[in-house]
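Here's the structure we're looking at; comments come further down.
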Amino acid sequence: MADLKRAVEAAGYLLLEPQPADEAAPDRERLERERENQQLKRKFVVGAVISAPVILGSFPEVFPRVPPLLTNPWLLLVLTTPVQFWVGWQFHKGFWGDLIHRSASMNSLVSMGTNAAYFFSVAVTVWPHTFMGLGAMTYYDTAAVLMTLIVLGRWLEARARGRTSEAIRRLVDL
Numbered sequence: 039m040a041d042l043k044r045a046v047e048a049a050g051y052l053l054l055e056p057q058p059a060d061e062a063a064p065d066r067e068r069l070e071r072e073r074e075n076q077q078l079k080r081k082f083v084v085g086a087v088i089s090a091p092v093i094l095g096s097f098p099e100v101f102p103r104v105p106p107l108l109t110n111p112w113l114l115l116v117l118t119t120p121v122q123f124w125v126g127w128q129f130h131k132g133f134w135g136d137l138i139h140r141s142a143s144m145n146s147l148v149s150m151g152t153n154a155a156y157f158f159s160v161a162v163t164v165w166p167h168t169f170m171g172l173g174a175m176t177y178y179d180t181a182a183v184l185m186t187l188i189v190l191g192r193w194l195e196a197r198a199r200g201r202t203s204e205a206i207r208r209l210v211d212l
C-alpha cells in the first residue's frame, strides 16, 4: 500500500486523508469559486484594456488615426508582456506541469502558441535589421488577444460551473 501511495504522489497527485463531513465545506467551496471568478474577471479586464491599444498600434493601415507612438514595437512589447505573463500565467504554469509529466493539455497549446507569437515578435523588435529585410512583422496583437480571449473563456466556464453547482445544491436541499 505504501508503494502505491508513493507512486501516486510521484505522478504529481496529492493524496488526502479522509476527513469527517464538514457543514462549512459548501461555503468554503462557494468562496473558492467566487475567488476564482473574481481573479479570472480581473485578468480578463486587464488583458482587454491592455490588448486594445496593442491592436490599434499593430494595424496602423486599418486605424490610420492612431498615434504614431502606439505603432512603436518597443511600446507594443511593454504593453504585451503583462498580458503574456500575468494574465496567462495559469497556462504557462500548466504547461510546465505538462512538461514534467510528459503530457499535453490545452495549457500546452495556449502557452506554446502565444509564446511563439510573443518571442518571435521580441526577436523582430530586438533585431529588426535581420528580420524586417525578410518581410517579418511582429505578432504582439496575436499573443495579447489570444491570451485575453482564452481567459475570457475560462472565466465564462467558471461562472457556468458555479451556477450549475448552486442549482444542484438547491435541488439536493429540496
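Residue numbers (this note's numbering): 39 to 212.
Even for Gly, the Cβ is constructed at its ideal location relative to N, Cα and C.
(request) Assign residue 193 to one of two classes, buried (16 or more other C-beta atoms within 10 Å of its C-beta) or exposed (fewer than that). (result) Here residue 193 is taken as the residue at index 155 of the sequence shown, counted from 1. With 16 or more other Cβ atoms within 10 Å, it is buried.
(message) By the DSSP assignment, the alpha helix (DSSP H) with residue 122 in it spans what residues?
(response) On the sequence shown, position 84 is the one that residue 122 refers to. Careful: residue 122 lies outside any alpha helix (DSSP H) and carries neither H nor E.
(request) Within 10 angstroms of the Cβ of residue 179, are there 16 or more other Cβ atoms? Answer buried if so, exposed if not. (result) Your numbering for residue 179 matches position 141 in the sequence shown. The residue in question, residue 179, is buried, as its Cβ has 16 or more Cβ neighbours within 10 Å.
(message) On the CB-based measure, 16 or more other CB atoms within 10 Å of its CB, does residue 81 come out buried or exposed?
(response) Looking up residue 81 in the sequence shown gives position 43. The residue in question, residue 81, is buried, as its Cβ has 16 or more Cβ neighbours within 10 Å.
(request) Consult DSSP for residue 192 and reduce its assignment to one of helix, strand or coil. (result) Taking the sequence shown and counting its residues from 1, one reaches residue 192 at position 154. Reduced to three states, the DSSP call for residue 192 is helix.
(message) Looking at residue 114: is its Cβ nearer than 8 Å to the Cβ of residue 100?
(response) Translated into the one-based positions of the sequence shown, residue 114 becomes position 76. Translated into the one-based positions of the sequence shown, residue 100 becomes position 62. No, these two residues do not count as a Cβ contact at 8 Å.
(message) Excluding the 5 residues flanking residue 117 on each side, which residues of the same chain have their C-beta closer than 7 Å to its C-beta?
(response) Looking up residue 117 in the sequence shown gives position 79. So the qualifying residues of the chain are 88, 91 and 92.
(request) Assign residue 45 to buried or exposed, taking buried as 16 or more other Cβ atoms, counted over all protein chains shown, within 10 Å of its Cβ. (result) Here the question's residue 45 lines up with position 7 in the sequence shown. So residue 45 ends up on the exposed side.
(request) To the nearest angstrom, report how far apart residue 129 and residue 50 are at their CA atoms. (result) For the purposes of this step, residue 129 is taken as the residue at position 91 of the sequence shown. For the purposes of this step, residue 50 is taken as the residue at position 12 of the sequence shown. About 17 Å.
(message) Give me the residue from 111, 186 and 146 with the minimum Cα distance to residue 166.
(response) Along the sequence shown, read from residue 1 onward, the residue named residue 166 stands at position 128. Cα-wise, what sits closest to residue 166 is 111.
(request) To the nearest angstrom, report how far apart residue 102 and residue 96 are at their CA atoms. (result) Reading the sequence shown from its first residue, position 64 is the one you call residue 102. Reading the sequence shown from its first residue, position 58 is the one you call residue 96. When rounded, the distance between both Cα atoms is 11 Å.
(request) Give, in chain order, every unbroken run of the alpha helix (DSSP H) that is at least 4 residues long and sits entirely within the segment 104-157. (result) 111-120 and 127-138
(request) Measure the alpha-carbon distance for residue 151 versus residue 181 and round it to whole angstroms. (result) On the sequence shown, residue 151 is found 113 positions in, with the first residue counted as 1. On the sequence shown, residue 181 is found 143 positions in, with the first residue counted as 1. One C-alpha to the other measures close to 8 Å.
(request) Give every residue of the same chain whose Cβ lies closer than 7 Å to the Cβ of residue 145, excluding the five residues on either side of it in the sequence, and list them in chain order. (result) The residue labelled residue 145 in the question sits at position 107 within the sequence shown. Result list for residue 145: 129, 132, 133 and 136, in chain order.
(message) Using 8 Å for Cβ pairs, my map puts residue 122 next to residue 177. What's the rounded Cβ distance?
(response) Position 84 of the sequence shown, counting from 1, holds the residue named residue 122. Position 139 of the sequence shown, counting from 1, holds the residue named residue 177. Not confirmed; about 11 Å, so no contact.
(message) I'd like to check one pair, residue 196 with residue 78: are the Cβ atoms closer than 8 Å?
(response) The residue labelled residue 78 in the question sits at position 40 within the sequence shown. The residue labelled residue 196 in the question sits at position 158 within the sequence shown. The answer is yes: Cβ separation under 8 Å.
(request) Buried or exposed for residue 188, please, with buried defined as at least 16 other CB atoms from any protein chain shown within 10 angstroms of its CB. (result) Taking the first residue of the sequence shown as position 1, residue 188 is located at position 150. So residue 188 ends up on the buried side.
(message) Tell me which residue opens and which closes the alpha helix (DSSP H) that residue 100 is part of.
(response) In the sequence shown, residue 100 corresponds to position 62, counting from 1. Residue 100 -> no alpha helix (DSSP H), and no H or E assigned at all.
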